[in-house]
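Asker: Residues in the sequence shown are numbered consecutively from 44, following my numbering.
Glycine included, each C-beta is placed from N, C-alpha and C at the ideal position.
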Amino acid sequence: MADTTKTATLTIDGESYELPMHSPTAGPDVVDIRKLYGQAGVFTYDPGFTSTASCDSTITYIDGDAGILTHRGYPIDQLAGKSHYLEVCFLLLYGYLPKAEELEAFETTVTRHTMIHEQMHNFFRGFRRDAHPMATMVGVVGAMSAFYHDSTDISDERQREIASFRLIAKMPTIAAMAYKYSIGQPFVYPRNDLDYAANFLHMCFSVPAEEYHVDPILARAMDRIFTLHADHEQNASTSTVRLASSSGANPFACVAAGIACLWGPAHGGANQACLEMLKEIGTPDQIPEYIARAKDKNDPFRLMGFGHRVYKNFDPRAKVMKQSADEVLDLLGVDDNPTLQVAKELEKAALDDPYFTEKKLFPNVDFYSGIILEAMGFPTSMFTPIFALSRTVGWVSQWKEQLSDPQMKIGRPRQLYQGADLRDYVDIENR
Ligand code: CMC
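(1) Starting from ILE111, follow the alpha helix (DSSP H) in both directions and report where the run begins and ends.
(2) Is ALA393 helix, strand or coil by DSSP?
(3) Helix, strand or coil for ALA148, going by three-state DSSP, please let me know.
(4) Checking contacts by CB at 8 Å: is LYS365 closer than that to chain C?
(5) Check whether the region 270-289 touches the region 391-398, taking contact to mean three or more Cβ pairs, one atom from each stretch, closer than 8 Å.
(6) Is THR68 helix, strand or coil when you go by DSSP?
(7) So the beta strand (DSSP E) ASP106 belongs to, where does it begin and stop?
(8) Sorry if obvious, but does the Cβ on ASN165 come closer than 7 Å to a heavy atom of ligand 1?
(9) For GLY311, which residues in the same chain have their Cβ closer than 6 Å to its Cβ, ignoring the five residues on either side in sequence?
(10) Any heavy atom of ligand 1 inside 7 Å of the beta-carbon of ARG345?
(11) Roughly how many angstroms lie between the CA atoms of MET214 and THR52, to the nearest whole one?
(12) For THR423, which of helix, strand or coil comes out of DSSP?
(13) Can you list, in chain order, the residues of its chain whose CB lies under 8 Å from that of LEU446, leaving out five sequence neighbours each side?
(14) Measuring alpha carbon to alpha carbon, tell me which of MET347, GLU444, ASP99 ends up nearest ASP72.
(15) Quick one: what's got a C-beta closer than 7 Å to PHE344's C-beta in the same chain, skipping five residues either side?
(16) From THR93 to SER282, what distance separates their C-alpha atoms?
(17) From the DSSP output, which residues share a beta bridge with ILE55?
(18) Have a look at LYS443, ASP464, VAL363, ASP373 and flag the residue whose alpha-carbon is nearest the alpha-carbon of LYS119.
This is the structure we're talking about:
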């Protein structure tokens with residue numbers, strides 16, 4: 044942590060406290076309040092952590108006002124355009140762009156871990172066929188703790204690395220199996236001759252009865268979706284993984300907790316909710332009604348795929364996603380997709396409306412991703428599992444970083460208690 048000579052002064056009841064400050068490589072300075080309670084006997088109050096840095100990290104940086112996202116310093120649009128998912132995984136995990144032989148070795152390692160223990164197939168069969176694939180993933184990923192005992196010792200650096208490989212490699216297999224189970228088709232084993240994205244498409248869409256050819260352009264689009272979701276610093280699910288891990292829990296349990304958090308519609312579940320919203324709007328003439336509803340304080344409806352806690356400008360991932368949506372639909376020969384048309388007109392209508400511009404609400408990564416995924420053949424229920432598999436490398440990288448941080452402590456927020464004061468128990472006959 045880079046120290047500055049700056050300090051902040053907090054005055055409480057006429058008494059002043061000097062608080063140290065830290066300067067990041069980029070972004071606002073941070074006031075260090077760790078000793079505040081010990082010195083002044085007060086807590087800080089920040090529900091939703093809108094002004095609180097929970098850790099120091101070297102992985103990902105977001106400048107929300109400028110609409111910039113970087114991983115290890117590299118801008119996301121360059122990574123999405125020039126790199127590919129497994130190279131980005133290496134970058135997130137190790138902090139630098141690999142040399143060709145390092146990348147090859149990494150890809151081979153990930154590929155060799157793609158199968159799951161055969162007995163784990165029984166877990167899938169224990170779920171109802173109509174279970175949401177995210178429910179299945181929470182259960183099956185948590186259950187990895189019961190199968191891969193040789194990579195649950197978090198004090199062993201090599202075991203941590205193996206757990207990382209396993210999670211990155213097996214997540215597509217688990218997501219694809221959850222999908223196959225939900226539609227009553229046989230599980231498809233991974234194919235090590237295919238790249239990461241092509242293998243996922245193969246596991247989702249091939250059937251034993253006939254040959255399935257993975258279109259390389261669709262595989263590239265899939266890979267780009269994985270890349271765009273790979274990490275996003277201390278978002279809700281990543282913070283959940285870090286909080287779970289702070290107690291010393293094993294990596295599979297921590298990532299299962301992250302998947303559970305991601306599922307909500309304010310976070311990763313927004314991609315499913317967004318496509319469902321676009322379909323419900325149906326035609327551009329309905330847009331004014333939905334814009335009016337989104338602005339109405341008495342209506343809980345929000346424009347899904349719009350707004351972000353950190354971005355107060357265009358989400359750079361949304362820009363790439365919009366371009367990808369055009370390319371994929373073009374490739375598939377869909378020139379008049381009604382959902383894409385509604386999405387584009389809704390975006391335009393919102394950005395012409397002072398409600399959205401004044402509150403700095405712009406399309407986020409989830410606004411266009413569902414259109415691409417649907418065009419590829421995925422049902423809406425698979426959108427969030429695809430987000431989860433893409434984000435696994437982010438969770439794992441942040442988890443590894445946390446475990447090697449000498450400042451790591453169990454995460455234990457305090458509270459502003461507003462409940463009853465101390466009182467005596469009243470016997471039931473006297474209440
Ligand atoms: N539609 C209409 N109004 C909105 C929206 C929206 N999508 N998002 C925020 N607002 C309004 C909100 O009502 C509030 O107004 P006011 O100040 O008058 O009370 C103001 O904007 C600030 O909103 P907030 O809820 O305090 O902001 P937040 O930082 O707590 O929430 C958010 C961020 C992403 C949860 C929120 O914008 C939202 O619910 N968006 C829709 C869901 C969504 O697309 N989520 C995906 C986020 S990106 C991918 C990911 O993280 O997984």
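Answerer: Put simply:
(1) According to the DSSP assignment, ILE111 belongs to no alpha helix (DSSP H) but to the beta strand (DSSP E) extending over 111-114.
(2) The answer is helix: DSSP assigns ALA393 an H, G or I state.
(3) Judged by DSSP in its simplified three-state form, ALA148 adopts helix.
(4) Included in the structure is just one protein chain, with no chain C present.
(5) Contact between the region 270-289 and the region 391-398 is absent, because fewer than three Cβ pairs lie under 8 Å.
(6) Looking at THR68 - three-state DSSP - the assignment turns out to be coil, as it is neither helix nor strand.
(7) ASP106 -> beta strand (DSSP E) spans 103-106.
(8) Annotation for ASN165 indicates a beta carbon at 7 Å or more from all heavy atoms of ligand 1.
(9) LEU305, THR427, PHE430, listed in sequence order.
(10) Because some heavy atom of ligand 1 lies under 7 Å away, the Cβ of ARG345 counts as near it: yes.
(11) Each residue's Cα considered, the two are about 48 Å apart.
(12) Taken through DSSP and simplified to helix, strand or coil, THR423 comes out as helix.
(13) Taken in chain order, the residues that qualify are ILE197, ARG203, SER288.
(14) Ranking the options by Cα distance to ASP72, first place goes to ASP99.
(15) For PHE344, where only same-chain residues beyond five positions count, the Cβ hits under 7 Å are ARG336, ALA337.
(16) Distance between the alpha carbons of THR93 and SER282: 13 Å.
(17) ILE55 pairs with GLU58.
(18) Inspection of the sequence shows that residue 119 is occupied by Ile rather than by Lys. Nearest of LYS443, ASP464, VAL363, ASP373 to ILE119, Cα basis: VAL363.
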